[in-house]
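*Asks:* My structure is below; once you've seen it, I'll send some questions.
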Amino acid sequence: MRKKIIIGNWKMNKTSKEVKEFFEEFNKKELKTRSNTLYGLAIPACNIPFAIDKRVNKKFIVAAQDISKHLSGAFTGEISILMLKDLGVSHVIIGHSERRIYHGETDQDVNTKAKIALEHGVIPIICVGETLEQYESKQSKKIVEKQIKDCVKDLDLSKIVIAYEPVWAIGTGKTATNEYAQVMCNHIRKLTSDDTLIQYGGSVTPETINDLLKQPDVDGALVGGASLKVDSFIKLIEK
Ligand code: 13P
C-alpha cells in the first residue's frame, strides 16, 4: 500500500525565532498521527538548520522549497542541493507555481532540478497544475499531461512525489472538489506509476483533508496557509 505524505509549505514566512517557537510548541503536543503517513514542513532555506535542530522526531521531514540547477559556482543568490543535503534536508519542492509565475521556471528547469535532487538522494516534490484560464477552457488534463511528461522525463517514478496544485485553488480558499482532485490525480497516476506518491494542494484545511485523503489516487497534501499554525498543522497530520 502506498504511504500518504502531508507536507506544509511555509513559503516565505517565519523568522528564525518564529520557527523555533513553532517547534517548541509542536514538541510539547502528544500526537496521534495518521498511520502509514509521512509528514513535515518545507521551510525557507536560511531557517532549515533551526527546524532540523529543534525537531525531536527524526522522521519529521524537513524539506526545502527550491534548489539551483547548478551544484556550485558563480550563481549569486542560488542554493545548491549539496548545501541543503548537508543540512539534513530529505525532500525539496520543485516547480511550485509561484516559482513558475514569478521566476519564469519552465518544465525543463523542473526536470533538471529534479534530476539533480535525485542524484543526491533528495526526493523532489514536483508541482504541476493548470491556471484558472486553462481550467475554465477545459484544458486542465491536456496542460497537466504536458507538464508531467516534460517534468518527469528520465526520472525514477518510484522515487518522486508529484503535487497536483491547480493554480486557481492556491491561497484562494477555492479548493477543488474531492471528485475533481481524484480525476486529476488519477490522470497523473496513468502518466506516472502505481508507486508514485501524488499529493493534492490548494486551500487544503483541517476540515477538508480527511475526505480528500479518502480519494484512491490522492496520496497526500501540500498545504500552505493551514500549515503555519501549530494547532492547524497538527490537525492536518492527526487522524
Ligand atoms: P494554500 O494551501 O495556502 O492554498 O497553498 C497551497 C500551496 O501552494 C502549497 O504549496
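Residue numbering for the sequence shown follows numbering that gives the first Met the number 0, starting at 0 and increasing by one per position.
Where is the CB? At the ideal position from N, CA and C, for every residue including glycine.
(1) Out of D216, L196 and V166, point me to the one whose CA is closest to R98's CA.
(2) Which same chain residues end up closer than 8 Å to L81 when comparing Cβ atoms and leaving out the 5 residues on each side of it in sequence?
(3) Under the DSSP definition of a beta bridge, which residues are partnered with V222?
(4) Note the first and the last residue of the continuous beta strand (DSSP E) segment covering I60.
(5) So which of E17, V121 and I169 has the shortest CA-CA distance to C45?
(6) Would a C-beta distance cut-off of 8 Å place I93 and I147 closer than the cut-off?
(7) Nearer than 7 Å: is that true of the beta carbon of L221 relative to any heavy atom of the ligand 13P?
(8) What is the rounded straight-line gap between the Cα of H90 and the Cα of S157?
(9) Excluding the 5 residues flanking K58 on each side, which residues of the same chain have their C-beta closer than 8 Å to its C-beta?
(10) Could you pull out every unbroken alpha helix (DSSP H) segment of at least 4 residues lying fully inside the region 125–150, listed in chain order?
(11) Taking 7 Å as the cut-off, does the CB of E164 come closer than this to any heavy atom belonging to the ligand 13P?
(12) DSSP three-state call for I169: helix, strand or coil?
(13) Measure the alpha-carbon distance for V203 versus S34 and round it to whole angstroms.
(14) From N26 to K112, what distance separates their C-alpha atoms?
(15) Is it the case that the Cβ atoms of V143 and E164 are separated by a distance below 8 Å?
(16) Check T198 in the structure and name its three-state DSSP category.
(17) Can you say whether G201 is buried or exposed, counting buried as having 16 or more other CB atoms within 10 angstroms of its CB?
(18) With 16 as the cutoff for other CB atoms within 10 Å, does N8 come out buried or exposed?
(19) One question on the structure: do I47 and I124 come within less than 8 Å of each other, judged by their Cβ atoms?
(20) For A41, which of helix, strand or coil comes out of DSSP?
(21) Are I4 and V217 close, meaning C-beta to C-beta below 8 Å?
(22) Among residues of its own chain, excluding the 5 on either side of V55, which ones have a beta-carbon nearer than 7 Å to its beta-carbon?
(23) Within 10 angstroms of the Cβ of L30, are there 16 or more other Cβ atoms? Answer buried if so, exposed if not.
*Replies:* In short:
(1) The shortest Cα separation from R98 among D216, L196 and V166 belongs to V166.
(2) Same-chain partners within the cutoff: L70, S71 and H119.
(3) Residue pairing from DSSP places V222 in a beta bridge opposite G7.
(4) DSSP places I60 inside the beta strand (DSSP E), whose first and last residues are I60 to A63.
(5) Considering only alpha carbons, the answer is E17.
(6) Going by C-beta atoms, I93 is not nearer than 8 Å to I147.
(7) Within 7 Å of the C-beta of L221 there is at least one heavy atom belonging to the ligand 13P.
(8) Each residue's alpha carbon lies about 14 Å from the other.
(9) Same-chain partners within the cutoff: L37.
(10) Every unbroken stretch of the alpha helix (DSSP H) spanning 4 or more residues and falling wholly within the region 125–150 is given here in chain order: 131–135 and 139–150.
(11) Yes, the ligand 13P has a heavy atom inside 7 Å of this Cβ.
(12) It is coil, neither helix nor strand.
(13) CA-to-CA, the gap between V203 and S34 works out to about 19 Å.
(14) Going from the Cα of N26 to the Cα of K112 covers about 33 Å.
(15) Contact: no.
(16) Looking at the sequence provided, one finds Gln at residue 198 rather than Thr. Here Q198 sits in strand by DSSP.
(17) Classification for G201: buried.
(18) Buried, because 16 or more other Cβ atoms sit within 10 Å of the Cβ of N8.
(19) Against a cut-off of 8 Å, the Cβ pair of I124 and I47 comes out as no contact.
(20) A41 falls in the strand class under three-state DSSP.
(21) Against a cut-off of 8 Å, the Cβ pair of V217 and I4 comes out as no contact.
(22) Excluding sequence neighbours, V55 sits near N26.
(23) Classification of L30: exposed, given that the 10 Å Cβ count is below 16.
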